[in-house]
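Letter 219 of the sequence shown, counting from 1, is numbered 219 in full-length UniProt numbering, and no numbers are missing. Ideal Cβ positions, reconstructed from N, Cα and C, are used throughout, including at glycine. Only one structure is covered here, and it is reproduced in the block below.
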Amino acid sequence: PDRGGWATHSGDYRGNWSPYIPRNLIIKYSKPGEWVLDQMVGSGTTLVEAKLLGRNAVGVDISYEACILSMDRLNFSYQPLDAEKPAEIHVYHGDAARLDAIPDNSMDLIATHPPYWNIIPYTKTLPRGDLSAMKRLEDYLSKMREVASESFRVLKPGRYCGILVGDTRRHKHYVPISARVLKIFLEAGFKLADDVIKLQHNMKTTRERWRAQKFDAYGFHKIVHEHLYIFRKPADGRENARLRLSSVV
């Protein structure tokens, strides 16, 4: 599949998302000069797209290696013709669960792709608190509750948070991580604006663990999709009540 080869994008960072996804989120849910946050920034895909589209952006990652890589990917000059000034881009080494440097209600859009649970080693060293390194699903989900709470805090009322989440298997059975993450974000106060099903190619859980065997022999199918959840932070109490059906049951 085409993963986008423009600017400084590269598919060599395992688990990163295609630049088409943040590009479409940024175009649809923000305007030039507004602020975009990716608090699990990885190799900087979201930040590169923000820069190309004339949006200011903040990237945060718990991995120092990822932060350095993101800054390297941003090392190019570009200013859209319709932009009054170049985009302002910041990269911070920090934790998505504690966004202390970001004020309340300050971000216009959140676009992020959390690490897959215990599937892909994103960097050579896995720092304490890295979602991808957590062995127990309960710990992963507990950390995601903190991430959801911080996301709700820093996002402006009436604005959107796009998050791409995938599922996995354990003991030859499906583990619906995305459903659990959906519930966590709804409990944090978000409303579900949309659920976009993204086709998944070459998923590691199926590609490497079950490569040598026929899937029919195990009685299950390949995981070939992910959920791109589009959450909205209600603008006020009236909207919160009006959108109650798009919340947790």
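- Task: May I ask which residues mark the beginning and end of the alpha helix (DSSP H) holding residue 62?
- Result: In this chain, residue 62 is not harboured by any alpha helix (DSSP H), its DSSP state being neither H nor E.
- Task: Please report the Cβ distance between residue 54 and residue 32, rounded to the nearest whole angstrom; I am assuming they are in contact, meaning their Cβ atoms lie under 8 Å.
- Result: Indeed, because the Cβ distance is near 4 Å, the residues count as touching under 8 Å.
- Span of the beta strand (DSSP E) around residue 231: Bounds of the beta strand (DSSP E) holding residue 231 are 225–232.
- Message: Closest to residue 95 by C-alpha separation, out of 222, 104, 38, would be which residue?
- Response: When only C-alpha atoms are compared, the closest one is 38.
- Task: Mark residue 105 as exposed unless 16 or more other C-beta atoms lie within 10 angstroms of its C-beta, in which case mark it buried.
- Result: Exposed, because fewer than 16 other Cβ atoms sit within 10 Å of the Cβ of residue 105.
- Item | Neighbourhood of residue 143 by C-beta, 8 Å cutoff - its chain only, sequence neighbours within 5 removed | The residues are 97, 129, 131, 134.
- Cα separation between residue 45 and residue 175? Here the alpha carbon of residue 45 sits roughly 27 Å from the alpha carbon of residue 175.
- Roughly how many whole angstroms lie between the Cα atoms of residue 35 and residue 245? Rounded to whole angstroms, residue 35 to residue 245 spans 29 Å at the Cα level.
- Item | Sequence ranges, alpha helix (DSSP H) only - wholly within the region 62–97, length at least 4 | Counting only unbroken stretches of 4 or more residues, the alpha helix (DSSP H) elements lying wholly within the region 62–97 are 64–73, in sequence order.
- Message: Taking 8 Å as the cut-off, does the region 76–84 touch the region 146–163 (at least 3 CB pairs, one atom from each stretch)?
- Response: The region 146–163, when compared against the region 76–84, does not touch it at the 8 Å Cβ threshold.
- Run through the region 126–189 for me and flag every whole beta strand (DSSP E) of 3 or more residues, listed as ranges in chain order. Listed in chain order, the complete beta strand (DSSP E) runs (minimum 3 residues) inside the region 126–189 are 155–165, 168–170, 173–175.
- Message: If you measure between the beta carbons of residue 41 and residue 61, is that distance less than 8 Å?
- Response: Their beta carbons are under 8 Å apart, which means residue 41 touches residue 61 by this criterion.
- Message: Just to confirm the assignment, what range does the alpha helix (DSSP H) spanning residue 243 have?
- Response: No alpha helix (DSSP H) holds residue 243; DSSP gives it neither H nor E.
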